[in-house]
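Single-structure report; data block below.
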Amino acid sequence: MINRRGFLAAGTILAVLGPGFAFGADSSEIAKGVFRDGDPVHRGSGTLSIRRMPGGETFVRMVDMKIVPGPNLFVYLVKEPDPLFPEDVTAGFTSLGKLQGLTGTQDYPVPDGVNIDDWGSVVVWCATFKTAFTIATIRRGS
7 MINRRGFLAA GTILAVLGPG FAFGADSSEI AKGVFRDGDP VHRGSGTLSI
57 RRMPGGETFV RMVDMKIVPG PNLFVYLVKE PDPLFPEDVT AGFTSLGKLQ
107 GLTGTQDYPV PDGVNIDDWG SVVVWCATFK TAFTIATIRR GS
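Next comes the structure, spelled out in structure tokens:
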């Protein structure tokens, strides 16, 4: 789980970057994926790009997202690459924060000390009903 200090630092980075932030040519894509529905009712789509900046900061970028509405939605890094059950998510995750919106492109900083190679997927998770709304398996390399 992310600690309060890491969460506040992530929020500060987002505030500095702002909604119009664009990664330049100096950032590199280290992993990617495609979002799929959590189930027939809890749906989402878009693409995943995990980017590393020259200074070493890592960001999860969710591109062209479309997610059905729900309460208490969060973005999680999850150990399991293809979580099918709630236990697959809750067995090993770290929160990147509250979902910024149901549509569009969104960036989430990965807290210092979190190695992206240790994670298998990015999940939009409903904390109220313990349900995955959309899932992207992290694919490394080309």
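Adding 6 to a residue's 1-based position in the sequence shown gives its number in the working numbering. Ideal placement from N, C-alpha and C gives every residue a C-beta, glycine not left out. If you're wondering where the values come from, they're calculated on a predicted model, not measured in any experiment.
For the putative contact between residue i and residue j, defined by C-beta atoms under 8 Å, what is the C-beta separation to the nearest angstrom?
{"i": "Ala138", "j": "Val95", "result": "6 Å"}
{"i": "Gly39", "j": "Val128", "result": "7 Å"}
{"i": "Val66", "j": "Tyr114", "result": "4 Å"}
Could you compute how far the alpha carbon of residue i sits from the alpha carbon of residue j?
{"i": "Glu86", "j": "Thr111", "result": "24 Å"}
{"i": "Ser55", "j": "Ala37", "result": "6 Å"}
{"i": "Thr100", "j": "Asn78", "result": "15 Å"}
{"i": "Arg58", "j": "Asp70", "result": "20 Å"}
{"i": "Pro92", "j": "Val74", "result": "18 Å"}
{"i": "Thr18", "j": "Arg49", "result": "Its pLDDT being 39, under 50, Thr18 is placed unreliably by the model, and the measurement read from it follows with that caveat. When rounded, the distance between both Cα atoms is 30 Å."}
{"i": "Lys76", "j": "Thr109", "result": "Contrary to the premise, residue 76 reads as Gly rather than Lys in this sequence. Near 13 Å, if we compare the C-alpha coordinates of Thr109 and Gly76."}
{"i": "Val47", "j": "Lys104", "result": "21 Å"}
{"i": "Gly119", "j": "Ala97", "result": "19 Å"}
Tell me the DSSP secondary structure of residue i in three-state form.
{"i": "Ile141", "result": "strand"}
{"i": "Glu86", "result": "coil"}
{"i": "Pro92", "result": "helix"}
{"i": "Asp113", "result": "strand"}
{"i": "Asp43", "result": "strand"}
Return the chain-ordered list of same chain residues with a C-beta closer than 7 Å to the C-beta of residue i, the five sequence neighbours on each side being excluded.
{"i": "Asp32", "result": "Pro60"}
{"i": "Gly52", "result": "Phe41, Met68, Val69, Asp70, Met71, Lys72"}
{"i": "Thr143", "result": "Gly39, Pro87, Asp88, Gly126, Ser127"}
{"i": "Ile122", "result": "Ile36, Ala37, Ile56, Thr64, Val116"}
{"i": "Lys136", "result": "Pro92"}
Which two residues bound the contiguous beta strand (DSSP E) that contains residue i?
{"i": "Met71", "result": "64 to 73"}
{"i": "Ile56", "result": "50 to 58"}
{"i": "Lys104", "result": "99 to 104"}
{"i": "Val129", "result": "127 to 132"}
Using a Cβ-Cβ cutoff of less than 6 Å, which residues in the same chain neighbour residue i once the five nearest sequence positions on both sides are dropped?
{"i": "Ser34", "result": "Arg58"}
{"i": "Tyr82", "result": "Phe99, Ser101, Val129, Trp131"}
{"i": "Arg146", "result": "Ala37"}
Just to confirm my understanding: we take residue i, look at its own chain, exclude 5 residues before and 5 after, and list those with CB closer than 8 Å. What are they?
{"i": "Gly107", "result": "Met71"}
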